[in-house]
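Okay, so here's the structure we're looking at.
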Amino acid sequence: MENMVSIESKPSREASAPPPAAPQAPPVQGVHVTERAVKRIRTAMAKEGVSATEGGLRLGVMGGGCSGLSYSIKFDTQPRERDRIFEFDGVRVFVDPKSFLYLNGMTLDYEETLMRQGFNFINPNSTHSCGCGSSFS
(Lines of atoms letter the chains of each structure in order from A; the text may use other names.)
(Lines give C-alpha, C1' and ligand atoms only; values in the text may rest on other atoms or scores of the structure.)
Protein backbone atom coordinates (compact mmCIF):
# COMPACT_ATOMS: atom_id res chain seq x y z
CA MET A 1 0.00 0.00 0.00
CA GLU A 2 1.28 3.34 -0.91
CA ASN A 3 1.53 6.15 1.57
CA MET A 4 -0.97 8.76 0.66
CA VAL A 5 -0.31 12.33 1.40
CA SER A 6 -3.18 14.66 1.88
CA ILE A 7 -2.68 18.06 0.43
CA GLU A 8 -4.98 20.79 1.60
CA SER A 9 -5.32 24.02 -0.23
CA LYS A 10 -4.83 26.92 2.14
CA PRO A 11 -5.28 30.52 1.09
CA SER A 12 -2.03 32.37 0.91
CA ARG A 13 -1.45 34.96 3.56
CA GLU A 14 -0.36 37.34 0.83
CA ALA A 15 -3.70 37.03 -0.90
CA SER A 16 -5.61 38.00 2.23
CA ALA A 17 -3.32 40.88 3.19
CA PRO A 18 -4.51 44.34 2.15
CA PRO A 19 -2.64 45.87 -0.75
CA PRO A 20 0.28 48.05 0.26
CA ALA A 21 -0.61 51.69 0.71
CA ALA A 22 0.50 54.05 -2.01
CA PRO A 23 3.41 56.20 -0.88
CA GLN A 24 2.19 59.56 0.28
CA ALA A 25 3.93 62.78 -0.54
CA PRO A 26 5.55 64.41 2.46
CA PRO A 27 3.75 67.50 3.71
CA VAL A 28 4.87 70.71 2.07
CA GLN A 29 7.19 72.60 4.38
CA GLY A 30 7.77 76.31 4.42
CA VAL A 31 6.15 79.12 2.50
CA HIS A 32 6.06 79.17 -1.28
CA VAL A 33 5.72 82.10 -3.66
CA THR A 34 4.69 81.73 -7.30
CA GLU A 35 6.62 83.31 -10.14
CA ARG A 36 3.81 85.84 -10.74
CA ALA A 37 3.90 86.89 -7.09
CA VAL A 38 7.71 87.21 -7.13
CA LYS A 39 7.53 89.57 -10.14
CA ARG A 40 4.88 91.71 -8.44
CA ILE A 41 6.81 91.80 -5.14
CA ARG A 42 10.00 92.84 -6.94
CA THR A 43 8.16 95.65 -8.75
CA ALA A 44 6.52 96.90 -5.54
CA MET A 45 9.82 96.75 -3.60
CA ALA A 46 11.52 98.90 -6.24
CA LYS A 47 8.63 101.38 -6.12
CA GLU A 48 8.82 101.54 -2.29
CA GLY A 49 12.62 101.83 -2.25
CA VAL A 50 13.14 98.60 -0.29
CA SER A 51 16.53 97.00 -0.92
CA ALA A 52 16.23 93.43 -2.21
CA THR A 53 19.59 92.55 -0.66
CA GLU A 54 18.63 93.58 2.89
CA GLY A 55 14.85 93.89 2.95
CA GLY A 56 11.99 91.70 1.96
CA LEU A 57 8.31 90.96 2.19
CA ARG A 58 6.96 90.18 5.64
CA LEU A 59 4.05 87.72 5.79
CA GLY A 60 2.16 87.34 9.02
CA VAL A 61 -1.06 86.44 10.77
CA MET A 62 -2.96 88.67 13.19
CA GLY A 63 -6.09 88.21 15.24
CA GLY A 64 -9.17 89.82 13.76
CA GLY A 65 -11.10 89.81 10.55
CA CYS A 66 -14.48 88.25 9.92
CA SER A 67 -13.16 84.67 10.26
CA GLY A 68 -10.94 85.09 13.34
CA LEU A 69 -7.47 85.56 11.82
CA SER A 70 -6.27 87.80 9.04
CA TYR A 71 -3.23 87.84 6.82
CA SER A 72 -0.67 90.60 7.13
CA ILE A 73 1.62 91.58 4.29
CA LYS A 74 4.11 94.45 4.31
CA PHE A 75 7.68 95.33 3.42
CA ASP A 76 10.42 95.22 6.01
CA THR A 77 13.95 96.60 5.78
CA GLN A 78 15.52 93.54 7.41
CA PRO A 79 14.58 90.22 9.05
CA ARG A 80 14.07 89.91 12.79
CA GLU A 81 16.19 87.60 14.92
CA ARG A 82 13.81 84.60 15.00
CA ASP A 83 12.29 84.98 11.52
CA ARG A 84 12.24 82.19 9.01
CA ILE A 85 13.64 83.52 5.76
CA PHE A 86 12.65 82.15 2.37
CA GLU A 87 14.16 83.32 -0.90
CA PHE A 88 12.58 83.12 -4.33
CA ASP A 89 14.57 84.35 -7.32
CA GLY A 90 16.25 87.09 -5.29
CA VAL A 91 13.13 88.11 -3.31
CA ARG A 92 13.23 87.38 0.41
CA VAL A 93 10.14 86.57 2.48
CA PHE A 94 10.21 86.91 6.29
CA VAL A 95 7.83 84.98 8.57
CA ASP A 96 7.85 85.24 12.37
CA PRO A 97 7.62 81.98 14.40
CA LYS A 98 4.03 82.49 15.56
CA SER A 99 2.75 83.22 12.06
CA PHE A 100 4.71 80.28 10.66
CA LEU A 101 2.45 77.92 12.63
CA TYR A 102 -0.46 79.10 10.45
CA LEU A 103 1.42 79.73 7.20
CA ASN A 104 3.54 76.57 6.93
CA GLY A 105 2.67 74.96 3.57
CA MET A 106 1.01 78.11 2.21
CA THR A 107 1.51 79.43 -1.33
CA LEU A 108 1.38 83.14 -2.10
CA ASP A 109 0.15 83.85 -5.61
CA TYR A 110 -0.68 87.03 -7.47
CA GLU A 111 -3.68 87.28 -9.73
CA GLU A 112 -4.74 89.99 -12.08
CA THR A 113 -8.17 89.49 -13.63
CA LEU A 114 -11.04 91.72 -14.62
CA MET A 115 -12.68 91.06 -11.26
CA ARG A 116 -9.72 91.01 -8.91
CA GLN A 117 -6.15 92.19 -8.66
CA GLY A 118 -3.95 91.27 -5.74
CA PHE A 119 -2.19 88.62 -3.73
CA ASN A 120 -3.95 85.34 -3.14
CA PHE A 121 -3.14 83.23 -0.06
CA ILE A 122 -3.54 79.53 -0.81
CA ASN A 123 -3.39 78.06 2.67
CA PRO A 124 -4.04 74.37 3.35
CA ASN A 125 -4.14 75.14 7.10
CA SER A 126 -7.28 77.27 6.91
CA THR A 127 -10.55 75.51 7.58
CA HIS A 128 -12.76 78.48 6.74
CA SER A 129 -12.20 81.78 4.97
CA CYS A 130 -14.30 84.81 4.28
CA GLY A 131 -15.44 86.07 0.89
CA CYS A 132 -12.71 88.67 0.61
CA GLY A 133 -9.99 86.05 1.14
CA SER A 134 -8.03 88.11 3.64
CA SER A 135 -9.20 86.37 6.80
CA PHE A 136 -9.44 82.73 7.82
CA SER A 137 -9.82 80.33 10.71
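1 is the number of the first residue of the sequence shown in my numbering; add one for each residue after it. Ideal Cβ positions, reconstructed from N, Cα and C, are used throughout, including at glycine.
Cβ neighbours of residue i in the same chain (closer than 7 Å, five flanking residues each side left out)
i              : result
isoleucine 122 : Met106, Thr107, Asp109
serine 99      : Leu59, Gly60, Val61
Residue burial classification, residue i (beta-carbon count within 10 angstroms, cutoff 16)
i           : result
proline 26  : In this predicted model, proline 26 has a pLDDT of only 46, less than 50, meaning its place in the structure is not dependable enough to derive any value.
leucine 103 : buried
Alpha helix (DSSP H) segment containing residue i, residue limits
i            : result
threonine 43 : 35-48
leucine 101  : 97-103
Distance between residue j and residue i (C-alpha atoms, nearest Å)
i             : j             : result
glycine 63    : valine 95     : 16 Å
arginine 42   : arginine 116  : 20 Å
valine 50     : leucine 59    : 15 Å
isoleucine 85 : leucine 114   : 33 Å
glycine 118   : alanine 44    : 12 Å
histidine 32  : isoleucine 73 : 14 Å
leucine 69    : proline 124   : 14 Å
glutamine 29  : threonine 77  : 25 Å
tyrosine 71   : alanine 46    : 23 Å
Cβ-based neighbour list, residue i, same chain, cut-off 8 Å, excluding 5 preceding and 5 following
i            : result
threonine 34 : Thr107, Leu108, Asp109, Tyr110
arginine 92  : Ala52, Gly55, Gly56, Leu57, Pro79, Ile85, Phe86
glutamate 48 : Phe75
Spatial neighbours of residue i in its chain, beta-carbon cut-off 6 Å, leaving aside the 5 residues before and after
i              : result
aspartate 89   : Val38
proline 97     : Arg82
leucine 101    : none
asparagine 120 : Asp109, Glu111
arginine 40    : Tyr110
Residue span of the beta strand (DSSP E) that contains residue i, given as start and end
i              : result
aspartate 109  : 107-112
aspartate 76   : 69-76
asparagine 120 : 117-122
glycine 90     : Neither: glycine 90 is in no beta strand (DSSP E) and is coded neither H nor E.
arginine 58    : 56-63
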